[in-house]
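Novice: Take a look at the following structure, please.
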Amino acid sequence: MSEIKLERIDDNRWLLPQTGKMKVPGIIYANEKIYQLLKGDESAKQVANVAHLPGIVNYSLAMPDVHWGYGFPIGGVAAFDLESGIVSPGGVGYDINCGCRLIATNLSFADVKDRISDLTTALYQHIPSGVGSTGSVKLSGKDEKKVLEEGAKWAVKAGFGLQEDLEATEDGGAMTGADPEQVSARALERGKQQLGTLGSGNHFLEIEVVQEIFDQTAAQAFGLRKGQIAVMIHSGSRGLGYQICDDYLALMVKHIQETKIELPDRQLACTYLNTTRAQNYLAAMACGANYAWANRQLLMHRTRKIFEKTLRMAPRELGMRLVYDVCHNIAKIENFKIEGKMKKLCVHRKGATRAFPAGHEALPARYKSVGQPVLIPGDMGSGSYVLVGQEKAMEETFGSACHGAGRVMSRTQATKVSQGRSISRELADLGVLVMASSKGTLREEMPEAYKNVQDVVQVMHDSGIAKKVARLKALACIKG
Amino acid sequence: MKTYKVLDHTADIGIEVWGRTKKELFGNAAEAMFDLIVDLTGINNVNEKVVTIRGSDAEDLLVNFLREALYLFNGKKWIIKQCKCSEMKSGQIVAQLQGESYNAQKHQLKTEIKAVTYHGLSIEKKAQGWKAKVIFDV
Numbered sequence: 400m401s402e403i404k405l406e407r408i409d410d411n412r413w414l415l416p417q418t419g420k421m422k423v424p425g426i427i428y429a430n431e432k433i434y435q436l437l438k439g440d441e442s443a444k445q446v447a448n449v450a451h452l453p454g455i456v457n458y459s460l461a462m463p464d465v466h467w468g469y470g471f472p473i474g475g476v477a478a479f480d481l482e483s484g485i486v487s488p489g490g491v492g493y494d495i496n497c498g499c500r501l502i503a504t505n506l507s508f509a510d511v512k513d514r515i516s517d518l519t520t521a522l523y524q525h526i527p528s529g530v531g532s533t534g535s536v537k538l539s540g541k542d543e544k545k546v547l548e549e550g551a552k553w554a555v556k557a558g559f560g561l562q563e564d565l566e567a568t569e570d571g572g573a574m575t576g577a578d579p580e581q582v583s584a585r586a587l588e589r590g591k592q593q594l595g596t597l598g599s600g601n602h603f604l605e606i607e608v609v610q611e612i613f614d615q616t617a618a619q620a621f622g623l624r625k626g627q628i629a630v631m632i633h634s635g636s637r638g639l640g641y642q643i644c645d646d647y648l649a650l651m652v653k654h655i656q657e658t659k660i661e662l663p664d665r666q667l668a669c670t671y672l673n674t675t676r677a678q679n680y681l682a683a684m685a686c687g688a689n690y691a692w693a694n695r696q697l698l699m700h701r702t703r704k705i706f707e708k709t710l711r712m713a714p715r716e717l718g719m720r721l722v723y724d725v726c727h728n729i730a731k732i733e734n735f736k737i738e739g740k741m742k743k744l745c746v747h748r749k750g751a752t753r754a755f756p757a758g759h760e761a762l763p764a765r766y767k768s769v770g771q772p773v774l775i776p777g778d779m780g781s782g783s784y785v786l787v788g789q790e791k792a793m794e795e796t797f798g799s800a801c802h803g804a805g806r807v808m809s810r811t812q813a814t815k816v817s818q819g820r821s822i823s824r825e826l827a828d829l830g831v832l833v834m835a836s837s838k839g840t841l842r843e844e845m846p847e848a849y850k851n852v853q854d855v856v857q858v859m860h861d862s863g864i865a866k867k868v869a870r871l872k873a874l875a876c877i878k879g
Numbered sequence: 407m408k409t410y411k412v413l414d415h416t417a418d419i420g421i422e423v424w425g426r427t428k429k430e431l432f433g434n435a436a437e438a439m440f441d442l443i444v445d446l447t448g449i450n451n452v453n454e455k456v457v458t459i460r461g462s463d464a465e466d467l468l469v470n471f472l473r474e475a476l477y478l479f480n481g482k483k484w485i486i487k488q489c490k491c492s493e494m495k496s497g498q499i500v501a502q503l504q505g506e507s508y509n510a511q512k513h514q515l516k517t518e519i520k521a522v523t524y525h526g527l528s529i530e531k532k533a534q535g536w537k538a539k540v541i542f543d544v
């Protein structure tokens, strides 16, 4: 970060001044501790790079979980004018609609404390995870296209869930404008094999317990209480999404000269929003987003069944209810007030969560009075936070907040540091039972490889973007 | 002889790869990528595929080539053990790939590589040959 000088705005924000060919300045959400960590990587430079893109509005933003990605930083948020602005497949990321869902239960810690091991073993056995895993749902070509058009709605219609699940999913689990004709044969081929799989790397399924409530009113609206058992799922659009991103990135790189857009990094390849190419990408991206929602819906359905069978309890007794499902990697056309006027913008969230406040029209009726649940998983040892979106997010961050703790250590570094240690044993000492299909993944994903999620969340809380509602502690974690 | 090393990148994996010639550099890059994906000791050269790839410049060509090689695994479940580039002219290469189909019972996968990125990509001529840097999204 040596060549980039950040100026402190207040305790939680740093200004990245507009220099050279940057079209707007940048703002990074960080407290002193996170600011010190920024010095070690290239993310500030990436925030500056994004500010070079045409039609960017107000600021190139980074949330407090920001870290070095490719093209956009991870934790990056940028909004573009629909006429003069662009859409960038790399600004959405390969794992289109990688996201989280939180499932609340009627169970308390005391009910399951002796059954955690049974539950985790059953989940690990029946939920496909790990590199190269394939799904248990066989999709015909016709069905796959329906998945791409209808997302989680398809899954619920096919018997994998309840109507109420859709109300608690961002966009109702089905993004509009999805057109499977814009998805390549390669992407379709990869998608057929992987529906209902968790994946590998940072994807996980966790059994958690609500440990602390910060905001009683919001917690009540979200159906969360202290001591309650919940399940968090983190997964995305699998190979289908990666292939869609890669196909359109290749296409945009190929035609970049026609657009006359100067790029500081080729990975930022993009095209103007008012072109057919951009519209085709957005239609394909929506397919990827819908696939991810169907995937998480299927993973939740399976989780419900496993809980029912293992604990020999009826669905009504268990009460496994979706609190919310949010996406982390997406481009969306949303309305924001710019210079006093409402304006439609294309918001890129690359490793960032939508965080709409109370009263927003996109929220389901039951959350309208409190605001949108924002789900923030931490590292395996720490557990997760639930926040609630605030009005300030609409004013400052295009309705966005952080999406996780954010890495601080490279995978190679983590592998080195963990040499000779048993990560699963260390986690067991913290009260977290881990089952992973790869020991390598466990090393790479060790708790020390991440920032302290508490610090990251505190920045969002203190800056008024999203307020803390509840903290959950992990009891068991399944890793790919 | 080791033909590559892993570079530190916070979220993803990068490689620095070497070759005496540009052709060898490309071949070594594909082999390095597969060395990250799978334990290559258990892989045999059972069959061969020939691919012809185009790109707007050397860097783009390298990304497109690795992209195709990665697709052979992600889409076709085929693992590359050895790669030889037989032809290289402006904006195009022809490569012979040897390997075998992935078998979950026999082969040990290590890392899921989602994609080959353009970020931080470079190809340089050095005194002793060629050097490239590539970052993969994992």
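Residue numbers (this note's numbering), protein chains in the order written: chain A, 400 to 879; chain B, 407 to 544. Glycine residues also receive a C-beta, built at the ideal position from the N, C-alpha and C atoms.
1) Would you mind giving the Cβ-Cβ distance between Ile-433(A) and Val-858(A), rounded to the nearest angstrom? I have them listed as a contact below 8 Å.
2) Against chain B, which members of the region 789-807 of chain A pass a CB distance test of less than 8 Å?
3) With respect to the alpha helix (DSSP H) encompassing Pro-416(A), which residues constitute its N-terminal and C-terminal limits?
4) What is the DSSP secondary structure of Ala-478(A), reduced to helix, strand or coil?
5) Where does Tyr-469(A) fall in DSSP's three states?
6) Strictly under 8 Å for the Cβ-Cβ distance: is Gly-540(A) near chain B by that measure?
7) In this structure, how does DSSP classify Lys-866(A) when only helix, strand and coil are distinguished?
8) Closer than 6 Å by C-beta to Leu-503(B): which residues in its own chain qualify, once you throw out the five before and the five after it? Chain order, please.
9) Just to check my reading of the structure: Val-545(B) and Gly-420(B) have Cβ atoms closer than 8 Å, yes? What is that Cβ distance to the nearest angstrom?
10) Which whole runs of the alpha helix (DSSP H) in the region 647-679 of chain A are 4 residues long or more, in chain order?
11) Which word fits Lys-866(A), buried or exposed, when buried means at least 16 other C-beta atoms lie within 10 angstroms of its C-beta?
12) Identify the contact partners of Arg-585(A) in chain B, using a Cβ-Cβ distance below 7 Å as the criterion.
13) Chain B beta carbons: is any one of them nearer than 8 Å to that of Arg-748(A)?
14) Candidates Met-421(A), Leu-414(A), Lys-422(A) and Ser-442(A): which alpha carbon is nearest Gly-805(A)'s?
15) Which residues in chain A sit within 7 Å of Ser-496(B), going by Cβ to Cβ distance?
16) Taking Cβ positions, are Ile-495(A) and Ser-636(A) nearer each other than 8 Å?
17) Measure from the C-beta of Glu-518(B) to each C-beta in chain A and report whether the shortest distance is under 8 Å.
18) Please list, in chain order, the residues of the region 456-484 of chain A that have any C-beta partner in chain B closer than 8 Å.
19) Any idea which residues DSSP pairs Val-423(B) with across the strands?
20) Helix or strand or just coil, what does DSSP make of Ala-827(A)?
21) Looking at the secondary structure, which residues open and close the alpha helix (DSSP H) in which His-525(A) lies?
22) Just the C-alpha distance for Asp-542(A) and Gln-524(A), rounded to the nearest angstrom, thanks.
23) Let me know if Glu-605(A) comes out buried or exposed under the rule of 16 or more other beta-carbons within 10 Å of its beta-carbon.
24) Between the alpha carbons of Asn-728(A) and Lys-749(A), how many angstroms are there, rounded?
25) Using a Cβ cut-off of 8 Å (strictly closer), state whether Val-452(B) contacts chain A.
26) Please list the partners that Ile-459(B) has in chain A, where partner means a Cβ-to-Cβ separation under 7 Å.
27) Run through chain B and tell me which residues come within less than 9 Å of Ser-783(A), C-beta to C-beta.
28) Taking DSSP's pairing of strands, which residues face Gln-502(B) in a bridge?
29) Mind checking whether Gly-490(A) and Phe-471(A) have CB atoms under 8 Å apart?
30) Provide the residue span of the alpha helix (DSSP H) that contains Glu-605(A), from first to last.
31) Would the region 619-626 of chain A and the region 711-730 of chain A be scored as touching if the rule is three or more Cβ pairs under 8 Å?
32) Kindly list the residues whose CB is nearer than 8 Å to the CB of Gln-514(B), restricted to its own chain and excluding five residues on each side of it in sequence; keep chain order.
33) Do Met-779(A) and Arg-500(A) have their C-beta atoms closer together than 8 Å?
34) In three-state terms, what does DSSP make of Asn-359(A)?
35) Tell me Cys-801(A)'s beta-bridge partners as DSSP assigns them.
Specialist: With the given structure in hand:
1) 7 Å
2) Arg-806 and Val-807
3) Where Pro-416(A) is concerned, there is no enclosing alpha helix (DSSP H), given that its DSSP letter is neither H nor E.
4) strand
5) coil
6) no
7) strand
8) Lys-455, Ile-486 and Cys-489
9) The displayed coordinates of chain B run from 407 to 544. Any statement about residue 545(B) would go beyond what the structure contains.
10) 655-658
11) buried
12) Tyr-477 and Gly-481
13) no
14) Ser-442(A)
15) Near Ser-496(B) there are no residues of chain A at all, since even the closest Cβ is about 16 Å away, more than 7 Å.
16) yes
17) yes
18) His-466, Trp-467, Gly-468, Tyr-469, Gly-470 and Ile-473
19) Tyr-410(B) and Ala-538(B)
20) helix
21) 515-525
22) 26 Å
23) buried
24) 5 Å
25) no
26) Chain A residues near Ile-459(B): none, gap ~11 Å exceeds 7 Å.
27) Here the premise fails: no neighbours, minimum Cβ distance about 19 Å.
28) Val-456(B) and Lys-490(B)
29) yes
30) Where Glu-605(A) is concerned, there is no enclosing alpha helix (DSSP H), although the beta strand (DSSP E) it sits in stretches over 603-612.
31) yes
32) Val-444, Asp-445 and Gly-448
33) no
34) Here chain A has residues from 400 to 879 only, and residue 359(A) is not among them.
35) The partner list for Cys-801(A) (beta bridge, DSSP) is empty, contrary to what the question assumes.
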